[in-house]
DNA sequence: TCTAGTATCTCGAAAAACAAGATATATGCG
DNA sequence: CGCATATATCTTGTTTTTCGAGATACTAGA
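Chains as they are written, first to last, in my numbering: chain A, 17 to 191; chain B, 17 to 191.
Below you can see the structure in the form of C-alpha cells.
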C-alpha cells in the first residue's frame, strides 16, 4: 500500500517558493480558510462517528474499541487494553459484549496460544475497511464527480499527507 | 460564516464533463486513491482524538461530551443528554466531573432560569475552537507551505464541501 | 525439567449509567 | 391574578461497567 505511486505530479519536497509575488495576504486567507474548513471536516467526521455509535447502540467504550479494531486491524486483548488504557479484565467483558452482538470474533493466535486475536467481522451494507455505512461512499463519489482530474490529484495528495501528519501527531502525543 | 466567499473559482454546480477523453480509468484510479487516503485521514483523526482523550485522562463518555461541546458550542444538559442518548441524571454528574476539572463551566440561561448552559472553558495551549493541541496547527501550516495558492484553493473548497457532506450524512443517520 | 515471564480470564469492590421521582421555573387559561 | 400543566435540572436507589488483584494456561530460557 505504501509503495503506491505518488498520485500528484509535483514532488512537495520543498515549498513552491517561486510564486511569491508578494501575495502573502492571499495565502494567509487560504490558510485560515483551510483551518476553518478543516475543523468543520473534523467536526463532520466526529458527528458521523457519533451517529454511528448511536446507530449501533454501543456505549462509548465499546464503540471506541470497535472503531479501533476497524482502523488498526485485528489486535489482541492486551493490545486493546494498552491502547485504550483499560484494565485487561475490562477488555475481556467488553469483547464478550461485542462478540455477543456478532461485531467481532475471537481467534487463537497460531504461534502463541496464550494470545487471542480479536477482529471485526464483515458487515454487509458497510464499507469493509471502516464499517461506515455505504451512503458515505456514494456521497463522496458524487462530490468528487465535480472535480477535474488534476484537482483530484491535489486532493488525493493532500489527504495522504494530512493523514500521515495526524497519525504522527497522535503517536507523538500518546506517550 | 456560511456567507464567506467561495474560495475556489470554479462553480462546482456540475461535473467538469469537458475533459472526458476516455480517461475513465485514470479517474477511477483517483477515486480509489481518495477513498483510501480519506480513510487514512479519518483514521489519523480518530487516533488523534483517542490520544487527546488519553492525554486529558477522561473516560470515553466524558471526552465525547467535551468534544461535542467544543464542536457544537455551548449546550444545555438536556441537549447533551438527547444528543448522547444519556439519561439526564447521568449528564448531571458527567458535567459535575468535567466542571470539577475546570474543563467546562455552568451558567444560568438569561431568559429561562430552569435552563443551564454548559460551555467549554478556554484552554491555554490549545486551538480555541477545537481544544486540539497547538502542534497540530503548526504541523498543518508546515504541510500547506508546500502547496501553491491554486492548489490550496482546491483543497479548501474540497474541505468545505466534504465537511458539509459528512455533517449531512450524520444528521440523516441520526434519526 | 524447572523457573520466570507473558497473556488472558475470573472475582469482589468502586465507579458510572439508568429509571423514576423531587424541586424549581415557565406558560397558558379562566 | 391564581392555578394547572409543562419543562429543565437535580437527587435517590438499582443495574451495568470498570478496576485491581489474583488464578490459569502457555512460552522461553537456564
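Beta carbons: idealized from backbone N, C-alpha and C, even for Gly.
Name the DSSP beta bridge partners of residue 135(B), please? 121(B)
Beta-carbon separation of residue 79(A) and residue 85(A) under 8 Å? no
Kindly say whether residue 103(A), judged by its beta-carbon, lies nearer than 8 Å to any beta-carbon of chain B. no
Anything in chain B within Cβ reach of residue 96(A), meaning under 9 Å, just list it in chain order. Correct list: empty, because the minimum Cβ distance to chain B is about 12 Å.
Using a Cβ cut-off of 8 Å (strictly closer), state whether residue 181(A) contacts chain B. yes
Would you call residue 147(B) buried or exposed, if buried means 16 or more other Cβ atoms sit within 10 Å of its Cβ? buried
Can the beta-carbon of residue 121(B) be found closer than 8 Å to that of residue 135(B)? yes
Under 8 Å, with one C-beta from each stretch per pair, do the segment 41 to 50 of chain B and the segment 166 to 175 of chain A reach the 3-pair mark? yes
Kindly indicate if chain B contains any beta-carbon less than 8 Å away from that of residue 168(A). yes
Going by alpha carbons, who is nearest to residue 65(B) out of 45(B), 87(B), 44(B)? 87(B)
Residue 138(B) at chain A interface by Cβ criterion, 8 Å: no
Should residue 159(B) be flagged as near chain A, meaning a C-beta pair shorter than 8 Å? yes
Expressed to the nearest angstrom, what Euclidean distance is found between the alpha-carbon atoms of residue 91(B) and residue 60(A)? 18 Å
Cβ of residue 19(B) within 8 Å of any chain A Cβ: Reliability of the predicted coordinates at residue 19(B) is poor, the pLDDT of 40 falling under 50, and the value obtained from them is presented with this limitation in mind. No - not a single Cβ of chain A is within 8 Å of the one on residue 19(B).
Within-8 Å CB hit, residue 113(A) to chain B: no
Give me the Cβ distance between residue 119(B) and residue 137(B), rounded to the nearest whole Å; I'm assuming they're in contact under 8 Å. 6 Å
Return helix, strand or coil for residue 146(A), following the three-state DSSP convention. coil
To the nearest angstrom, how far is the alpha carbon of residue 83(A) from that of residue 100(A)? 11 Å
7 Å CB neighbourhood of residue 77(B) in its chain, flanking five on each side removed: 110
Would a C-beta distance cut-off of 8 Å place residue 145(B) and residue 55(A) closer than the cut-off? yes
Could you work out which residues of chain B lie near residue 156(A), taking near to mean beta carbons separated by less than 8 Å? 50, 51, 54, 178, 181
State buried or exposed for residue 172(A), treating a residue as buried only when at least 16 other CB atoms are found within 10 Å of its CB. buried
Identify the continuous alpha helix (DSSP H) that holds residue 104(B) and give its terminal residues. 104 to 116
For residue 119(B) and chain A, any beta-carbon pair shorter than 8 Å? no
Could you compute how far the alpha carbon of residue 94(B) sits from the alpha carbon of residue 102(A)? 29 Å
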